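For the sequence shown, the working numbering begins at 1483 and goes up steadily by one. Note that beta-carbon positions come from the ideal geometry of N, C-alpha and C, so glycine has one too. Note that the coordinates shown come from a computational prediction; the quantities given were computed from them, not determined experimentally.
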Amino acid sequence: MHDISQNIESDGKTASILRNKLNAAADKVIRLDLQMSLYRNEERKASQHLETLRRNDAEAPNIEEAENNWFNAGQMLPSAQSRLATAVNELRLLLKKAVEYLPSDDDAMQHAVKASNAVDL
């Protein structure tokens, strides 16, 4: 009898730990996804500004500065994409483990599934 109650207590601790890990991983994915969106927006704005300058036959130094801004904005995207993909993979691995201990209607599970599904890789 002692072993059974110990296993239940252990599973309760495991579930609690998994909830904390799921929430943290989901929050990280959401944060990185927002960061990725910001980088995409910066790159898009820089590209639009560059195109506007080119259409308006702006002076070379202005175009050169705009090209540098566009290039720099674009440089952030690959590493941000990589960090986001890694975080999503880690979250999905946690979800696979969590289904053994948590019901699908658990708040942490719901939060993690929504975060995982919301990301556009």
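| Asked | Found |
| --- | --- |
| May I have the straight-line CA-CA distance separating L1559 from A1569, to the nearest angstrom? | 15 Å |
| Around the Cβ of D1515, are there at least 16 other Cβ atoms within 10 angstroms (buried) or fewer (exposed)? | buried |
| Give the straight-line distance between the Cα atoms of K1503 and L1584, rounded to the nearest whole angstrom. | 12 Å |
| Answer yes or no: does any C-beta atom of chain D fall closer than 8 Å to that of K1579? | Checking the listed chains, one finds no chain D in this structure; it contains a single protein chain. |
| How about L1573 and A1594: do their beta carbons lie closer than 8 Å? | yes |
| Please classify V1570: does DSSP put it in a helix, a strand, or coil? | helix |
| One question on the structure: do Q1530 and A1562 come within less than 8 Å of each other, judged by their Cβ atoms? | no |
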